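Okay, structure first, notes after.
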Amino acid sequence: MNIGMLFQAMPGNVAQGIIWGVMALGVFMTFKILDFADLSVDGSFATGGAVTVVLVTSGWSSPSALVMAFAVGILAGLATGILHTLLGIPDILAGILTQIALYSVNLNIMSGAANMALSVNQYNLLVSLRYISRTILVASGITLVLICLMYWYFGTEQGSAIRATGTNPAMSRAQGINISLMKVIALSLSNGIVAFSGGLLAQYQGFADINMGRGAIVIGLAAVIIGEVIGHALIGKRMNFIVRMLFVVIGAIMYYIAIGIVLWLRMPTNNLKLFTAVIVALFLAVPYLKDKANNSFAKAGRRGAAYHDSTD
6 MNIGMLFQAM PGNVAQGIIW GVMALGVFMT FKILDFADLS VDGSFATGGA
56 VTVVLVTSGW SSPSALVMAF AVGILAGLAT GILHTLLGIP DILAGILTQI
106 ALYSVNLNIM SGAANMALSV NQYNLLVSLR YISRTILVAS GITLVLICLM
156 YWYFGTEQGS AIRATGTNPA MSRAQGINIS LMKVIALSLS NGIVAFSGGL
206 LAQYQGFADI NMGRGAIVIG LAAVIIGEVI GHALIGKRMN FIVRMLFVVI
256 GAIMYYIAIG IVLWLRMPTN NLKLFTAVIV ALFLAVPYLK DKANNSFAKA
306 GRRGAAYHDS TD
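Written as C-alpha cells, this is what we have:
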C-alpha cells in the first residue's frame, strides 16, 4: 500500500463527495425538515442522470439538461406526494412504489438501454472525472448557491410552513396550514435536487446507468448523520440552519474519503455496502449513546448529592 496513491485519489473522493452532497441536501429536506422517510430518491437520482445524458447527446447544453433533470425530479417527487397525501399510502410504501415505477421510466428515457455514455471529448460538460480541480470548483459553487437558495426559501412563509409541518403536523393543521400541500411541495423539491445531483454525477463519471441510484438513500442518510455528528462535536449548539446544511455536504465528503481509504486498504469491494451500513448505524447511535451517558452521569450526580445530604 502506497500512501502516495491515497493522497493522489483524495481530490477525486472530494469531488464525488461534493456531488453526492447535493443529493444529501435533498435527503436532508425530507428526512430532517419534513420528517418523511422518502425512498423514491434511489429512482429519481437515476432519472436525473438518464435525462441529462439523453438531452446532452441530443444537442442540449449541459446546464439546460440539468435544469430539465431538476424539473423531471420534481415530477417524481410529486408522484410520491400524491400517493401519500391523496391515496393515503404510508410514506415508505409511497416512496418504494415511485422508485419501482421510475425503473421502467428510466429505461424508457434511455430507449431501453441499461446505460448510456457521455464523453467529455464530444460534449462540453460542467464537471468531468478528467478535470478534477475544475469539477471541485464548479461543484462547490453550485452547492453553495443551492445552500443559499434553500436557506432563503425555508425562511419564507411557505418554507416555514414546511418546517412547521415536519416539526408538529397536528399543530400546523390547527394553525391553518395545508400539511398535505406542504408535504407534496417538499417532496417535489427534494426529488428535484436529487435528480439534479444525478445529472451532475452522470456528467462527472461520463455515463448514466439504470442502477446508478441504487443505495442513494443510504449514502444520503450517511452524509446527513455524519455531518450532524461532526457539526455538533465541533460547534455544538451554535449550529444554525445554514451551518447544518454545510455540514451535510461535509458529511458526504467525509463519507467518500472513508470509502477511498477502504479501497486503498484493498478491502473487498463486495463489502462496501456492509461498510456503509455499519458507518450509518454507528453515527446514528452516537447521539443516543451520548444522551444516555449524560443521563447516567446526571443520575449518578443526583444520587451522590442525595447521599451526602443524608449523611450530613
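Going by our numbering, the sequence shown runs without a break in its numbering and finishes at 317. Note that CB positions come from ideal geometry on N, CA and C, so glycine has one too. Bear in mind the structure is a predicted one, so any value in this text is a computation, not a measurement.
C-alpha distance - residue i paired with residue j, whole-angstrom precision
i	j	result
residue 30	residue 200	12 Å
residue 74	residue 197	7 Å
residue 280	residue 27	22 Å
residue 52	residue 139	25 Å
residue 295	residue 236	15 Å
residue 218	residue 299	39 Å
residue 318	residue 158	A query on residue 318 cannot be resolved here, the shown segment of the chain reaching from 6 to 317 and no further.
residue 90	residue 84	10 Å
residue 275	residue 287	20 Å
residue 1	residue 34	The shown model of the chain, from 6 to 317, leaves out residue 1, and the question about it has no answer.
residue 104	residue 185	21 Å
residue 151	residue 269	32 Å
residue 93	residue 187	15 Å
residue 95	residue 127	45 Å
Beta-carbon separation (whole angstroms), residue i vs residue j, contact threshold 8 Å
i	j	result
residue 240	residue 285	The pair is not a contact, with the Cβ atoms about 22 Å apart (cut-off 8 Å).
residue 44	residue 100	4 Å
residue 80	residue 215	So it is not a contact: roughly 18 Å between Cβ atoms.
residue 107	residue 88	Between residue 88 and residue 107 the Cβ distance is about 13 Å, and since that is not below 8 Å, they are no contact.
residue 25	residue 257	5 Å
Buried or exposed (CB count within 10 angstroms, at least 16 for buried), residue i
i	result
residue 12	exposed
residue 135	exposed
residue 204	buried
residue 70	buried
residue 180	exposed
residue 233	buried
residue 143	buried
residue 146	exposed
residue 172	exposed
residue 259	buried
residue 124	exposed
residue 54	buried
C-beta atoms of residue i and residue j nearer than 8 Å
i	j	result
residue 59	residue 77	no
residue 120	residue 212	yes
residue 9	residue 49	no
residue 36	residue 226	yes
residue 18	residue 264	yes
residue 156	residue 247	yes
residue 208	residue 67	yes
residue 228	residue 141	no
residue 47	residue 175	no
residue 167	residue 38	yes
residue 137	residue 16	yes
Endpoints, beta strand (DSSP E) assigned at residue i
i	result
residue 120	120-122
residue 36	From DSSP, residue 36 is part of no beta strand (DSSP E); its letter is neither H nor E.
Start-to-end residues for the alpha helix (DSSP H) that takes in residue i
i	result
residue 42	No alpha helix (DSSP H) contains residue 42, which DSSP labels as neither H nor E.
residue 201	184-210
residue 157	137-158
residue 65	No alpha helix (DSSP H) contains residue 65, which DSSP labels as neither H nor E.
residue 261	246-269
residue 95	Element bounds for residue 95: n/a, residue is neither H nor E.
residue 133	Note, residue 133: premise wrong, no alpha helix (DSSP H); not H, not E.
residue 232	221-239
residue 326	Residue 326 lies beyond the residue range present for the chain, which begins at 6 and ends at 317; the question has no answer from this structure.
Closer than 7 Å: residue i CB and nearest the ligand NAD heavy atom
i	result
residue 21	The model on display carries no ligand, and the ligand NAD is accordingly not part of it.
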